[in-house]
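K.L.:
Here it is: the structure, laid out below.
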Amino acid sequence: MRRLPTVSILSLVIAAGLSGGAMAQTAYQQAIQRAPATSEFPMPYDSSRGVFSFAAGLERSLPAVVQVTTLGVSQGPTTGGGEPSPISGGSGVIVDAAEGIIVTNNHVIKGGQKYTVDLIDGRLFDAVLIGADPATDIAVLKIEGERLTQVETIDSDTLRTGDLAFAVGYPLGLDQTLTMGVISGLNRSGLGDAIEDYIQTDAAVNSGNSGGPLLDSRGRLIGINTSILSGGLGGGNDGIAFAVPTRIMRHVVDQLRTHGEVRRGKAGVIVGSLNAKRAQALGLRIVRGAVVDDVAPGSPGERAGLRRGDVIVRLGDRPVANAGSVQTGVGMAAPGTSLRIVYLRDGQETSASLAVEAGETPRVVAGRDVVAALGAQIGDRDGRLMVLSVEGGSPAATGRLKAGDVIVSVAGRAVGDRAALAAALGATSDSVTLTVRRGGETLDLTISG
């Protein structure tokens, strides 16, 4: 294939619109003959139909996209009988046809007792849950069947902002649906999960798309659609959707298939995203990085020499954009791995070796001066437990917790110091009610973790 100048592409589109496929095909052939031998034509063209189309690459992958139904016991009133009934659903994609391995979202299968999988050819299978990882919202199912199709998977690190992207799934009760957009951004975080490094796209993703694939223009898997941001009350698509990149998906799937769980490391470092306000306070002229807010005593971070106020700018072989970059880098590292960490202290760049320890990053991290939980950082200020910062998009932010709030109690249990706060937060599960003082008001905030 050879590339044509932009004006040539535009002329082809105009020609197709004004005079039909025949003229477009003639213009296409003439443009190809005029194009330099070293150039590459950027738009796939179906000369038999006289249309531009990505169908040839995408059609190979569509049979690998499945509908997932989760069966369980409803939380509401039941009619009895005890048989599991559908409680949620979404999409998934076959990544290993020989073994019947399907990747979907953890939130699609959460709370399920049984699972069924529908293929595009009408076949229905019972599925077995191999494992799930809430931190990345990835789950793995397995089916037994013949003539299965798997998607080709590529390294998401090859993506560039502006690449075309296609979301496939079963949204809003519809049959398999394909939507197109572009890669709007990379390395997105701050949405509330522990391990975040999302692909952002404007391809339409709606309820039911969760767990389905994000494909490139050749039909290759680049991510798993997991969430959207919506400004409307209905929670519909506003052109901002997020997918777990295949770099993370592959690691998690391999761990789940091998161990039934994800074994990841921890460093005992509490970090917050560097922003313009914090950069100004630190005398820096950058707004990309992660600020060390505290280091747990005896942790790998302390042994690496990290101190409060250090700004991490690189971890391993990847730049650090925000706090999520550090959480992802450490969480994706195998226990025992040593990561080279580059940080700024008093404006001077320093590097060290960070030895990652075994153990899941806890729900609550207690440093010397700060407790981090639910995307918020709380410290002692004049004998009060004050919220120092809240990560955008985190559970704390979604629950309307704000910097400056003073925490009075957790789930009705009074907390007077950081140790009591850490213990109370650590004893909670999916959601917790915080009583806080804000100005002259006392508020109860329910935060879902």
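Counting with my numbering, you get residues 1254 to 1702 for the letters of the sequence shown. Heads up, the beta-carbon is just placed ideally off N, CA and C, and yes, glycines get one too.
#1: Whole angstroms is fine: what's the gap from Ala-1290's alpha carbon to Thr-1322's?
#2: Let me make sure I understand the geometry here. Which of Gly-1513, Gly-1398, Pro-1572 and Val-1544 has the alpha-carbon closest to that of Val-1524?
#3: Mapping the DSSP letters down to three states, classify Ala-1676 as helix, strand or coil.
#4: May I have the straight-line CA-CA distance separating Asp-1570 from Arg-1653, to the nearest angstrom?
#5: Counting C-beta neighbours from all protein chains within 10 Å, is the total for Ile-1539 16 or more, i.e. buried, or is it exposed?
#6: Pro-1648 and Leu-1607 - do their beta-carbons sit closer together than 7 Å?
#7: Pick out the complete alpha helix (DSSP H) segments inside the region 1336–1403, 4 residues or longer, and give them in chain order.
#8: For Ala-1494, which residues of its own chain have a beta-carbon under 6 Å away from its beta-carbon, when the five flanking residues on both sides are left out?
#9: Assuming Gln-1508 contacts Arg-1500 (C-beta within less than 8 Å), just tell me the rounded distance between them.
#10: Who pairs with Thr-1432 in a beta bridge, going by DSSP?
#11: Note the first and the last residue of the continuous beta strand (DSSP E) segment covering Arg-1500.
#12: Between the alpha carbons of Gly-1518 and Arg-1302, how many angstroms are there, rounded?
#13: Taking all protein chains shown into account, do 16 or more other C-beta atoms lie within 10 angstroms of the C-beta of Val-1381, making it buried, or fewer, making it exposed?
#14: Alpha carbon to alpha carbon, what distance is there between Val-1393 and Arg-1634?
#15: Does DSSP classify Leu-1627 as helix, strand or coil?
#16: Taking only three categories from DSSP, how would you classify Ser-1518?
#17: Taking contact to mean 3 or more Cβ pairs, one atom from each stretch, closer than 8 Å, check whether the region 1420–1431 and the region 1338–1347 are in contact.
#18: Can you tell me the Cα-Cα spacing of Ser-1578 and Arg-1561, whole angstroms?
#19: Just how far apart, CA to CA, sit Leu-1537 and Lys-1395?
#20: What are the boundary residues of the beta strand (DSSP E) that includes Arg-1598?
#21: Using C-beta distances below 7 Å, list every residue in its chain close to Ala-1605, excluding the 5 sequence neighbours before and after it, in chain order.
P.N.:
In brief:
#1: Reliability of the predicted coordinates at Ala-1290 is poor, the pLDDT of 47 falling under 50, and the value obtained from them is presented with this limitation in mind. Rounded to whole angstroms, the gap between the alpha carbons of Ala-1290 and Thr-1322 is 51 Å.
#2: Answer by Cα proximity: Val-1544.
#3: Helix, per DSSP.
#4: Going by the C-alpha atoms only, they are around 35 Å apart.
#5: Answer is exposed; the Cβ neighbour count stays below 16.
#6: Against a cut-off of 7 Å, the Cβ pair of Pro-1648 and Leu-1607 comes out as no contact.
#7: Segments of the alpha helix (DSSP H) lying fully in the region 1336–1403: 1359–1362.
#8: Once the five neighbours on either side are set aside, the close Cβ partners of Ala-1494 are Thr-1454, Val-1458 and Ile-1481.
#9: Rounded, the Cβ-Cβ distance is 14 Å, inconsistent with contact.
#10: Answer by DSSP bridge pairing, in chain order: Ala-1420.
#11: First-last for Arg-1500: 1499–1512, but that is the alpha helix (DSSP H), not the beta strand (DSSP E).
#12: Straight-line spacing of the CA atoms in Gly-1518 and Arg-1302 works out to 54 Å.
#13: Around the beta carbon of Val-1381, fewer than 16 other beta carbons sit within 10 angstroms, so the residue counts as exposed.
#14: Those two C-alpha atoms are separated by around 45 Å.
#15: Coil, per DSSP.
#16: Just to set this straight, residue 1518 is Gly in the shown sequence, not Ser. In this structure, Gly-1518 counts as strand in the three-state DSSP scheme.
#17: The region 1420–1431 is in contact with the region 1338–1347.
#18: Taking the straight line joining both Cα atoms gives about 18 Å.
#19: Leu-1537 and Lys-1395: Cα-Cα distance of roughly 50 Å.
#20: Element bounds for Arg-1598: 1591–1598.
#21: So the list reads Ala-1557, Gly-1558 and Ile-1594, once near-sequence residues are dropped.
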